[in-house]
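Number of protein chains: 2
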Amino acid sequence: MGVGEVMSSKQQRQQMVTRLIAHDNVSSQPHLQELLKEQGIEATQATISRDLEELGAVKIRIAGGDSIYAIAEYAPARVAPSDQLRRVMAEWVAEVTSSGNLVVVRTPPGCAHVVASALDRSGLVGLLGTVAGDDTIMCVATEEVGGTGLAEQLRSLSGVTDATGGIPRKKGTAHV
Amino acid sequence: MGVGEVMSSKQQRQQMVTRLIAHDNVSSQPHLQELLKEQGIEATQATISRDLEELGAVKIRIAGGDSIYAIAEYAPARVAPSDQLRRVMAEWVAEVTSSGNLVVVRTPPGCAHVVASALDRSGLVGLLGTVAGDDTIMCVATEEVGGTGLAEQLRSLSGVTDATGGIPRKKGTAHV
DNA sequence: CGGGTTAGTGAATGATTATGCAACAACCAT
DNA sequence: ATGGTTGTTGCATAATCATTCACTAACCCG
Numbered sequence: 011m012g013v014g015e016v017m018s019s020k021q022q023r024q025q026m027v028t029r030l031i032a033h034d035n036v037s038s039q040p041h042l043q044e045l046l047k048e049q050g051i052e053a054t055q056a057t058i059s060r061d062l063e064e065l066g067a068v069k070i071r072i073a074g075g076d077s078i079y080a081i082a083e084y085a086p087a088r089v090a091p092s093d094q095l096r097r098v099m100a101e102w103v104a105e106v107t108s109s110g111n112l113v114v115v116r117t118p119p120g121c122a123h124v125v126a127s128a129l130d131r132s133g134l135v136g137l138l139g140t141v142a143g144d145d146t147i148m149c150v151a152t153e154e155v156g157g158t159g160l161a162e163q164l165r166s167l168s169g170v171t172d173a174t175g176g177i178p179r180k181k182g183t184a185h186v
Numbered sequence: 011m012g013v014g015e016v017m018s019s020k021q022q023r024q025q026m027v028t029r030l031i032a033h034d035n036v037s038s039q040p041h042l043q044e045l046l047k048e049q050g051i052e053a054t055q056a057t058i059s060r061d062l063e064e065l066g067a068v069k070i071r072i073a074g075g076d077s078i079y080a081i082a083e084y085a086p087a088r089v090a091p092s093d094q095l096r097r098v099m100a101e102w103v104a105e106v107t108s109s110g111n112l113v114v115v116r117t118p119p120g121c122a123h124v125v126a127s128a129l130d131r132s133g134l135v136g137l138l139g140t141v142a143g144d145d146t147i148m149c150v151a152t153e154e155v156g157g158t159g160l161a162e163q164l165r166s167l168s169g170v171t172d173a174t175g176g177i178p179r180k181k182g183t184a185h186v
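Chains as they are written, first to last, in the working numbering: chain A, 11 to 186; chain B, 11 to 186.
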């Protein structure tokens, strides 16, 4: 397939997989399948297995001998092309504001880390680092670019307008 | 079994398992079984499965989509006297950058809170407070010292060199 | 000594994850 | 449009991993 994306497809599903893994204690692929279904996304175990591989997810052991899925944070040479960043931003970013050399990015609940991770790998000029909470990301801009300049870049990427809420792209993705 | 007995069979085997995992790219439990046999240790897959669980081993993904076993090592966060701040910093800090009155400290994934904790207890002059994510710490400097001054202190403690005159090179994301 | 308990193990089996294959849709260059 | 190519997916199945059960050996204590 080409670069163009089908609506409601692999990217969206994998984003949800990432979020579910980060949020819940996903113990198995059938379990994840079930959680996806609750979000209105249907897929077979085979597809989920492939998604997890592509996302670099691994099963880690937690207290009690159980093991759950987690995203390997040091993804090996995982390139995040700007196209990917734009998709993620467009999908999840609701608002971008700035103060001083800080930029505050708002997302739907639980989605902040997804966006922050994409920002992290983007190599965006003028971005020193981010701290992601549940629905908020704080971005530190370089002094050269400044909060205003960085905020402008982020707004451009996400498609939101200055100071107000996001532009709904596809169908509503306001989960949780 | 009694505690006093050092029936070394299991201990030996698990030690060998640890060594094999560390040195080779062990891809499966039958594979590990084979490697153990080469070392003169025989065990069934069931036993190896139990060993891996007790050792906290996990399967991680490496380049190419394959996955191999690895031992999940936990860095025991010991209570640190003030002198240990330097050791912690030297061990875990990868990069120190600043912007305005903020300093961004980057660490290996998962290590940020250890460093931040040490920083918090250090009573470092010019450090108001920290926020730690997964691999990023944001430090707020006092206005008197400033981000540049604090960054200089932190670089001195950690031994990292100045980052190319304030030009950002990497980006950090902290998943809280 | 016997009982009772506990750790360790293998064989068999259940649970989970990965994969070969075919089908299908979207794209591309004629 | 037409045929070739590529990417995505489900189905069925293989591969892999975890666990139950039964058994043994060692230990402890009267």
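For every residue, glycine included, the Cβ atom is placed at its ideal position computed from N, Cα and C.
To which residues of the same chain is residue i closer than 6 Å at the C-beta, ignoring the five residues directly before and after it?
i      : result
A:E52  : none
A:T158 : S108
A:R179 : Low local confidence applies: a pLDDT of 34 at A:R179 is under 50, so the model's placement there is unreliable, and no value is given.
Leaving out the 5 sequence neighbours to the left and right, which residues in its chain are closer than 8 Å to residue i when beta-carbon positions are compared?
i     : result
B:L45 : L30, D34 and V36
A:K69 : S77, I78, Y79 and A80
A:I72 : N35 and I78
Roughly how many angstroms lie between the CA atoms of residue i and residue j, to the nearest whole one?
i      : j      : result
A:A80  : A:A32  : 7 Å
A:S166 : B:L112 : 25 Å
B:V150 : B:G136 : 8 Å
B:Q25  : B:A122 : 30 Å
B:E242 : B:T140 : As displayed, chain B neither begins before 11 nor continues past 186, which places residue 242 of chain B out of reach and without an answer.
B:E64  : B:G110 : 48 Å
B:L160 : A:D61  : 43 Å
B:T152 : B:L134 : 11 Å
A:Q21  : A:L138 : 27 Å
A:D130 : A:G75  : 32 Å
B:V114 : A:V114 : 16 Å
B:E162 : A:E162 : 30 Å
A:K47  : B:K47  : 45 Å
Compare the Cα-Cα distances from residue i to each of the options and report the closest residue.
i      : options                           : result
B:V125 : B:L138, B:M148, B:T107 and B:G110 : B:M148
A:E2   : A:E64, A:K20, A:E154 and A:L164   : Residue 2 of chain A is absent from the model: chain A starts at 11 and stops at 186.
B:S59  : B:R23, B:E48, B:Q49 and B:G50     : B:R23
B:Q49  : B:S19, B:E64 and B:L65            : B:S19
B:M99  : B:Q21, B:V27, B:S168 and B:L129   : B:S168
A:G66  : A:V114, A:T28 and A:K47           : A:T28
What is the DSSP secondary structure of residue i, reduced to helix, strand or coil?
i      : result
B:S77  : strand
A:S38  : coil
A:T107 : strand
B:D93  : Residue placement at B:D93 cannot be trusted, given a pLDDT of 49 that sits under 50; what the coordinates show is reported in the next sentence. Coil at B:D93, not helix or strand.
Leaving aside the five residues before and after residue i along the sequence, list all residues of the same chain whose C-beta is less than 7 Å from its C-beta, in chain order.
i      : result
B:P40  : Q55
B:Q43  : A53, Q55 and I58
A:R116 : A104, E105, D145 and T146
A:S38  : none
B:G156 : N111
Give a single yes or no on whether residue i has its beta carbon closer than 7 Å to a heavy atom of the ligand PLP.
i      : result
B:W102 : Annotation note on the ligand PLP: not contained in the displayed structure, which lists no ligands.
* Asked: Which residue spans inside the region 129-170 of chain B form an unbroken alpha helix (DSSP H) run of at least 4?
  -> 156-168
* beta strand (DSSP E) runs contained entirely in the region 48-77 of chain A, provided each spans 3 or more residues -> 67-71
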